[in-house]
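A short worksheet on the structure shown next.
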Amino acid sequence: MHILYIHQYFATPHGNTGTRSFEFAKRWVSAGHRVTMLTSTAQLTTNDLESAEGQRVAKFTISGIDVVALNVPYDQRMGFVRRTWAFSVFMFLACWNVLRIPKVDVIFATSTPLTIAVPAVVGHLLRRIPYVFEVRDLWPDVPVALGYVRNRVIIWMIKRLELMAYRFADAIVALSPGVAQLIEKRLRHKIKIDIIPNCCDTELFSPDVDGTSIREAKGWSDSFVCMHTGAMGVVNGLDSILNAAVHFRNEPAIRFVLIGGGKEKQRLREEVDRRGLKNLDILDSVPKRTLVSYMAACDLALMTVTSVPVLEHNSANKFFDYLSMGKPVVLNYSGWQRELLERIDAGCGCPMGDDDAFFSAIEALWNEPETRARMSTNARAAAENEFSRDRMAQRALESLMRVKKL
Numbered sequence: 002m003h004i005l006y007i008h009q010y011f012a013t014p015h016g017n018t019g020t021r022s023f024e025f026a027k028r029w030v031s032a033g034h035r036v037t038m039l040t041s042t043a044q045l046t047t048n049d050l051e052s053a054e055g056q057r058v059a060k061f062t063i064s065g066i067d068v069v070a071l072n073v074p075y076d077q078r079m080g081f082v083r084r085t086w087a088f089s090v091f092m093f094l095a096c097w098n099v100l101r102i103p104k105v106d107v108i109f110a111t112s113t114p115l116t117i118a119v120p121a122v123v124g125h126l127l128r129r130i131p132y133v134f135e136v137r138d139l140w141p142d143v144p145v146a147l148g149y150v151r152n153r154v155i156i157w158m159i160k161r162l163e164l165m166a167y168r169f170a171d172a173i174v175a176l177s178p179g180v181a182q183l184i185e186k187r188l189r190h191k192i193k194i195d196i197i198p199n200c201c202d203t204e205l206f207s208p209d210v211d212g213t214s215i216r217e218a219k220g221w222s223d224s225f226v227c228m229h230t231g232a233m234g235v236v237n238g239l240d241s242i243l244n245a246a247v248h249f250r251n252e253p254a255i256r257f258v259l260i261g262g263g264k265e266k267q268r269l270r271e272e273v274d275r276r277g278l279k280n281l282d283i284l285d286s287v288p289k290r291t292l293v294s295y296m297a298a299c300d301l302a303l304m305t306v307t308s309v310p311v312l313e314h315n316s317a318n319k320f321f322d323y324l325s326m327g328k329p330v331v332l333n334y335s336g337w338q339r340e341l342l343e344r345i346d347a348g349c350g351c352p353m354g355d356d357d358a359f360f361s362a363i364e365a366l367w368n369e370p371e372t373r374a375r376m377s378t379n380a381r382a383a384a385e386n387e388f389s390r391d392r393m394a395q396r397a398l399e400s401l402m403r404v405k406k407l
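Throughout, this note's numbering is defined as the position within the sequence shown, counted from one, plus 1.
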């Protein structure tokens, strides 16, 4: 079976962002299928593009995956207009390429952005290729709730695009139960929706990694280290961790660490300086293999979002990285991840917007090393038994094979 996988932000292990698409595609190739990845150069590294240097459309093969990378730059720091331009340019170029890639049996298109559905629908309608639409984040719900999109005409257009994406899909993959439920409410027809969350890299992210050298180098040897890794944007709600640092400023044993980058990073650093906080370290992004050592150096993993209810349906990669590392997790929100943590006894969540409950959860786990040890064991067990990459990739492949037979 020839699978055309469309993902604007495809990344390989050479980078420092999520590699769900790479891991799925690699496993499908190993299962005997051909995979063509239609993507942009946005998240690809110089190592990835070395063999295609100077090409307007970079073509190369990695782990058996045939990559077609369109030269469309993108950066999280772009404003609304530049982002929209990047989405639109990729959409039109991808439509053209979908019509040219030969002998495709099925299309797998993963959002965001929502515009990724357009080339998939073009292939579906003009070439009669079945397609599966994967929904990672709800659009336009998330950008509207965050105030990024306010124009009623634009919101109406995005909603029409969303319904079109669902209407022509032969099946849908949702990354969380909440996303699946909201999609079901919007559909006017019955369609198979598979819930396939993000998965755990149990080989790279392992509790066997020793973080002692990092703790010693950073002066954390005697600290209870609470860590958040990844993006530092408005959506990530990192003021909750800043507020936690203020709350625990007179408790020298508790230290907070943020690792990553994003729009909020400089503001957070300025706030740390303004408030004279000595218990909050804000570090730059590091490659994944280095990040593992930093994560091994922490005692507690933190997941935060800003107080927007739709964000409780998120399925962030770092949540599953924490489970793989065997780290207890504290959320500053509820939703399906809180239910999961409480079911497997690997952490806890809090009512969204309740920083006091967040502080109390951190303090409780600081005072209960035996509870943390039990949660650590449970987190790793769930990573291996419920969220392995092999398991999730096989479920997605079964969805593709099912629509291929329709």
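In this text, a Cβ means the ideal position worked out from N, Cα and C, and glycines have one as well.
This structure is a prediction, so every number in the text was calculated from the model and none was measured.
So the beta strand (DSSP E) residue i belongs to, where does it begin and stop?
i: M92; result: Unbroken run through M92 is the alpha helix (DSSP H), F81 to V99; no beta strand (DSSP E).
i: F206; result: No beta strand (DSSP E) holds F206; DSSP gives it neither H nor E.
i: K27; result: From DSSP, K27 is part of no beta strand (DSSP E) but of the alpha helix (DSSP H) over R21 to S31.
i: S112; result: V107 to S112
i: V143; result: Taken as a continuous stretch (DSSP letters only), V143 belongs to no beta strand (DSSP E), being part of the alpha helix (DSSP H) at D142 to A146.
i: A70; result: I66 to L71
i: A59; result: V58 to I63
i: L5; result: H3 to I7
i: M228; result: F225 to T230
i: Y149; result: Segment: none, Y149 is in no beta strand (DSSP E) and carries neither H nor E.
i: Y132; result: Y132 to V136
Taking the alpha carbon of residue i as the reference point, which residue from the options has its own alpha carbon closest?
i: A70; options: I102, A374, I156 and L126; result: I102
i: K405; options: L303, M376, D171 and K27; result: D171
i: V123; options: Q182, L100 and T113; result: L100
i: E364; options: R276, R396 and A254; result: A254
i: V309; options: I156, T213, D142 and L342; result: D142
i: E313; options: D300, V331 and R339; result: R339
i: I215; options: N199, C201, E204 and L284; result: L284
i: A245; options: G234, G354 and R187; result: G354
i: K104; options: L5, I156, I196 and V154; result: L5
i: I155; options: W140, F169 and T13; result: W140
i: Q267; options: R250, L243, K289 and W337; result: L243
i: N17; options: A32, G80, F25 and A43; result: A43
i: Q395; options: L45, I196 and K160; result: I196
i: S38; options: L292, F81 and I117; result: It is Met, not Ser, that sits at residue 38 in the sequence shown. Of L292, F81 and I117, the residue nearest in Cα terms is I117.
i: L278; options: T372, V247, R344 and V306; result: V247
i: P178; options: A380, V331, D138 and G231; result: D138
i: L188; options: M393, K160 and E204; result: K160
i: G231; options: G19, A12 and F61; result: G19
How is the alpha helix (DSSP H) around residue i delimited, first residue to last?
i: Y167; result: R153 to F169
i: K405; result: R390 to K405
i: V122; result: A118 to R128
i: S41; result: Premise fails: S41 lies in the beta strand (DSSP E), R35 to S41, not in any alpha helix (DSSP H).
i: E371; result: P370 to N386
i: I102; result: Careful: I102 lies outside any alpha helix (DSSP H) and carries neither H nor E.
i: A12; result: Neither: A12 is in no alpha helix (DSSP H) and is coded neither H nor E.
i: L50; result: T47 to L50
i: T213; result: T213 to K219
Return the chain-ordered list of same chain residues with a C-beta closer than 7 Å to the C-beta of residue i, the five sequence neighbours on each side being excluded.
i: E185; result: I194
i: N48; result: H15
i: A358; result: C351 and P352
i: L398; result: W29 and A32
i: F91; result: Q9, S41, L71 and V73
i: V311; result: L139, D142, V143 and A146
i: S241; result: T305, N333, D356 and F359
Please list, in chain order, all residues of the same chain as residue i whose beta carbon is under 8 Å from its beta carbon, the five residues on each side excluded.
i: L94; result: L71 and V73
i: M2; result: H34, R35, D106, V107, L401, M402 and K405
i: M128; result: One point to set straight first is that residue 128 is Arg, not Met, in the sequence displayed. Around R128: V99, L100 and V105.
Looking at residue i: is its Cβ nearer than 8 Å to the Cβ of residue j?
i: L162; j: L115; result: yes
i: V36; j: I63; result: no
i: S224; j: R256; result: yes
i: L324; j: A298; result: no
i: F321; j: A384; result: yes
i: V273; j: L281; result: yes
i: S377; j: K328; result: yes
i: V150; j: P144; result: yes
i: Y75; j: S41; result: yes
i: A166; j: F134; result: yes
i: L495; j: V236; result: Because the chain spans 2 through 407 in this model, residue 495 falls outside it and cannot be assessed.
i: R28; j: D391; result: yes
i: C227; j: L342; result: no
i: S294; j: G212; result: yes
i: N152; j: N318; result: no
i: I260; j: L292; result: yes
i: A362; j: V331; result: yes
Give every residue of the same chain whose Cβ lies closer than 6 Å to the Cβ of residue i, excluding the five residues on either side of it in the sequence, and list them in chain order.
i: M296; result: M326
i: H456; result: With the chain represented from 2 up to 407, any question about residue 456 goes unanswered, as that position is not in the structure.
Please confirm whether any heavy atom of the ligand MN lies closer than 7 Å to the CB of residue i.
i: F81; result: With respect to the ligand MN, the structure shown offers nothing to examine, as it has no ligands at all.
Whole beta strand (DSSP E) runs in the stretch 248-304 with 3 or more residues, listed along the chain?
255-260, 281-284 and 301-304
I'd like the ranges of any beta strand (DSSP E) spanning at least 3 consecutive residues and lying wholly in the stretch 171-199.
172-175 and 194-196
Which parts of the stretch 304-360 are runs of the alpha helix (DSSP H), unbroken and 4 residues or longer, counting only runs that do not cross its ends?
318-326 and 337-345
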